[in-house]
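Chains as they are written, first to last, in my numbering: chain A, 1 to 137; chain B, 1 to 137; chain C, 1 to 137. Built from N, CA and C at the ideal position, the CB exists for glycine as well. Owing to the predicted nature of the structure, the values given are computational and were not obtained by experimental measurement.
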């Protein structure tokens, strides 16, 4: 079994931001030399999610509007009694699905026509890390 | 390490439909010869989800009613300004959890008494694929 | 490839309860002897979720309040026509993300500063199992 682990460091310009990271993940897969296996893409912070969906800016606005509608960012959260202001961000990350595990076949991400990988930051403007771990052969 | 990858092709009769796929996944696990490992079950399209839950038709109606209630299928979505009509479907798939990774022990899915695998199609009536990748030994 | 599978048995005192299980998962990782790989943490019951987030009791209350607000526990569910009373619990588990796959590096969970593993029980007061499966080398 081969494996390779890399940490992608990001610092978003905005508190809430969606960033495409397909190329970075593909690059780690390529460097790993794994032809057949899995790659875990996992935010190491708990107010962010890694999501596979469409590279379409209107849809990205829809996601954020729906989350705001269901769980308002400036709402009342017991978590914020601790001095934090990111209660909603912790909840949004769960609702979007926190992480993904992706297939590698013939040394590449085995993706359908529209699958792209995104980092959904819900409490940014500070340094965050995403772990990319490839295992396989 | 052994691995096996198969692609399950589906074309649902309805736009929104829930289909049990436990047997198809179990079949790939069996063919793989893997006795201990993991199987990724991942829709290759971004308006569908793979879900482990109960094989009970009332519950399936509940899921769809809740999704419709929270994120109306015919609502207003910026994504639909592109000419698409599936904005909600992209969001529903995230809210249900897009994919699953399942355990294989003694050559079989290592499931609790009620775990069943379903494909939740939210924009069907056209050909879609589900990737099933087994790794292990 | 090495692997190790253990089953954690729990019986919560309350119907709805959040329990930290980081130490139990770390213990299985340690016993597995795997230095680099993945660990799947998966509830074997379909009204519970395994979640990575913050060890902060106010946030845990926020999660439960948001779920109750969006999908009331005592609401009307077709699933409950079967004699069950846990329709909402099946839906909550999907909304929180049913399972996690976690990275192992240098023989330990490769976690960010705030990542902790929790079992979210939504229909407890009876014996439940969580599967922990480590694979790697």
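Applying the 10 Å Cβ sphere with the 16-neighbour rule, what's the burial state of residue i?
{"i": "residue 37(C)", "result": "buried"}
{"i": "residue 87(B)", "result": "buried"}
{"i": "residue 75(C)", "result": "exposed"}
{"i": "residue 125(A)", "result": "exposed"}
{"i": "residue 213(C)", "result": "The structure shown does not extend to residue 213(C), since chain C is modelled only from 1 to 137, so the question has no answer here."}
{"i": "residue 13(C)", "result": "exposed"}
{"i": "residue 54(A)", "result": "buried"}
Measuring only the C-alpha atoms, how far is residue i from residue j?
{"i": "residue 131(A)", "j": "residue 111(C)", "result": "9 Å"}
{"i": "residue 84(C)", "j": "residue 62(B)", "result": "13 Å"}
{"i": "residue 101(C)", "j": "residue 24(B)", "result": "23 Å"}
{"i": "residue 135(A)", "j": "residue 57(A)", "result": "32 Å"}
{"i": "residue 17(C)", "j": "residue 122(C)", "result": "7 Å"}
{"i": "residue 98(B)", "j": "residue 119(C)", "result": "20 Å"}
{"i": "residue 32(B)", "j": "residue 35(A)", "result": "17 Å"}
{"i": "residue 48(B)", "j": "residue 106(B)", "result": "30 Å"}
{"i": "residue 109(C)", "j": "residue 29(C)", "result": "8 Å"}
{"i": "residue 91(A)", "j": "residue 92(B)", "result": "16 Å"}
{"i": "residue 64(C)", "j": "residue 19(C)", "result": "13 Å"}
{"i": "residue 129(B)", "j": "residue 82(A)", "result": "46 Å"}
{"i": "residue 3(B)", "j": "residue 133(B)", "result": "7 Å"}
{"i": "residue 26(A)", "j": "residue 114(A)", "result": "15 Å"}
{"i": "residue 89(C)", "j": "residue 50(C)", "result": "13 Å"}
{"i": "residue 77(B)", "j": "residue 15(B)", "result": "18 Å"}
Just to check my reading of the structure: residue i and residue j have Cβ atoms closer than 8 Å, yes? What is that Cβ distance to the nearest angstrom?
{"i": "residue 59(B)", "j": "residue 79(C)", "result": "4 Å"}
{"i": "residue 5(C)", "j": "residue 72(B)", "result": "Incorrect: roughly 43 Å between the Cβ atoms, too far for contact."}
{"i": "residue 8(A)", "j": "residue 21(A)", "result": "7 Å"}
{"i": "residue 70(B)", "j": "residue 70(C)", "result": "6 Å"}
{"i": "residue 127(C)", "j": "residue 11(C)", "result": "5 Å"}
{"i": "residue 96(B)", "j": "residue 94(C)", "result": "5 Å"}
Output, in chain order, the set of chain C residues within a Cβ distance shorter than 7 Å of residue i.
{"i": "residue 77(A)", "result": "62"}
{"i": "residue 71(A)", "result": "66"}
Which residues in chain A have a C-beta closer than 8 Å to the C-beta of residue i? List them in chain order.
{"i": "residue 137(C)", "result": "1 and 3"}
Using a C-beta to C-beta distance shorter than 8 Å, which residues of chain C count as neighbours of residue i?
{"i": "residue 94(A)", "result": "51, 53, 63, 95, 96 and 97"}
{"i": "residue 82(A)", "result": "56 and 58"}
Since residue i meets chain B, which of its residues come closer than 7 Å, beta carbon to beta carbon?
{"i": "residue 87(C)", "result": "59 and 62"}
{"i": "residue 91(C)", "result": "62, 63 and 66"}
At 7 Å on the CB atoms, spell out the chain A contacts of residue i, in chain order.
{"i": "residue 14(B)", "result": "Going along chain A, no residue has its Cβ under 7 Å from residue 14(B), so there is no contact; the nearest lies around 21 Å."}
What residues in the region 27-58 of chain C bring their beta carbon closer than 7 Å to a beta carbon of chain A? 36, 37, 38, 51, 52, 53, 54, 56 and 58
Quiz item: Listed in chain order, which residues of the region 97-130 of chain B have Cβ atoms closer than 9 Å to some Cβ of chain C?
Solution: 97, 100, 101, 102, 103, 104, 105, 110, 111, 112, 113, 114, 115 and 116
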